[in-house]
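K.L.:
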Amino acid sequence: MSNSSSTSFRSRHLFNSETLGERLKSVREHWGWSLAFVSGRLQLDERYIRAIEGSNYTDIPGDIYAKHMLERYARLLNVNVDQVFSLYHNERKVLKRLRDAVIAPVTSHMPKVFITPLRLRVGFIASILLGIIGYLGVELYGMMRPPELLVFSPVSDTVTSSSLVVVEGKTETGAQVLINGEEVVGTQAGSFSEEVTLQPGVNVIEITAQKKRGKPTIVYQRVRVEDTTSPDTFGLAPEDMASEQSGV
């Protein structure tokens, strides 16, 4: 193989269905290069090329040396170096998880555990599935949990002489708001404001925030209306009554 055949390649991206080593091997075989040819071009022992293509990184003396060889190999194959490094780091993480899960404290009689490309692929698939399950779990929790509800006015246990009170507050965008069972229309970005009629005495105002799914959030505010009506004086002002009682 001549140098011109390798330098004329356009930068290639690796496919996503295999391990890094298998992908590099596929590119090498695509160009018809033998292990001996690659070993000679990179001036590396052929066993290190086999270790890379078999994802057996423990057979390479150190992470720095492994990355150096991967960079040279990627440039020879004319594939994306950054992508190769990204896949390499991901595989090393999976390998560490597999070893932590499989390898118990080392004893003298315990056999050596080998990490094969098949196990590595299974580990990748398991990691992806766990990530998807975790994401769906977070999304489901967000959908099902009760919405947040803040009521700014009125303050609970308010005493007033007015027969009207403005209920103001804020909840999550998209949540339905009900006051005493009646839907509040025209809420914007979760904010709401509604005038409520009060009766003399103690009034309990029920404010509810409800999403399409999940439990509602309910807040109760107590408002007491004082009766300011004067005692019945039969149409006479108090001073007139006093004058009448004195015989004036």
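My numbering applies: residue 356 is where the sequence shown begins, and numbers increase by one. Where a beta carbon is used, it is the ideal one built from N, C-alpha and C, also for glycine. As the structure is a computational prediction, the values presented were derived from the model and not from experiment.
With H, G and I counted as helix, E and B as strand and the rest as coil, what does DSSP make of A544?
P.N.:
coil
K.L.:
Taking the Cβ atom as the reference point for each residue, do V434 and L425 lie within a distance shorter than 7 Å?
P.N.:
Using a Cβ distance threshold of 7 Å, V434 and L425 do not count as a contacting pair.
K.L.:
Taking 8 Å as the threshold, find out whether the stretch 409–417 comes into contact with the stretch 384–399 through three or more Cβ pairs.
P.N.:
no
K.L.:
At which residue ranges does the stretch 367–402 contain complete alpha helix (DSSP H) runs of 4 or more residues, listed in the order of the chain?
P.N.:
375–385, 390–397
K.L.:
Is it the case that the Cβ atoms of L432 and V382 are separated by a distance below 7 Å?
P.N.:
yes
K.L.:
In the DSSP output, what is G536 paired with across the bridge?
P.N.:
Looking at the DSSP assignment, G536 forms no beta bridge with any residue, so it has no partner.
K.L.:
List the DSSP bridge partners of R454.
P.N.:
Its beta-bridge partners do not exist; DSSP assigns none.
K.L.:
Can you tell which of V539, G529, T471 has its C-alpha closest to the C-alpha of G376?
P.N.:
T471
K.L.:
Just the C-alpha distance for G395 and Y490, rounded to the nearest angstrom, thanks.
P.N.:
47 Å
K.L.:
When the Cα atoms are used, what is the spatial distance from A481 to N445?
P.N.:
A481 and N445 have their C-alpha atoms roughly 13 Å apart.
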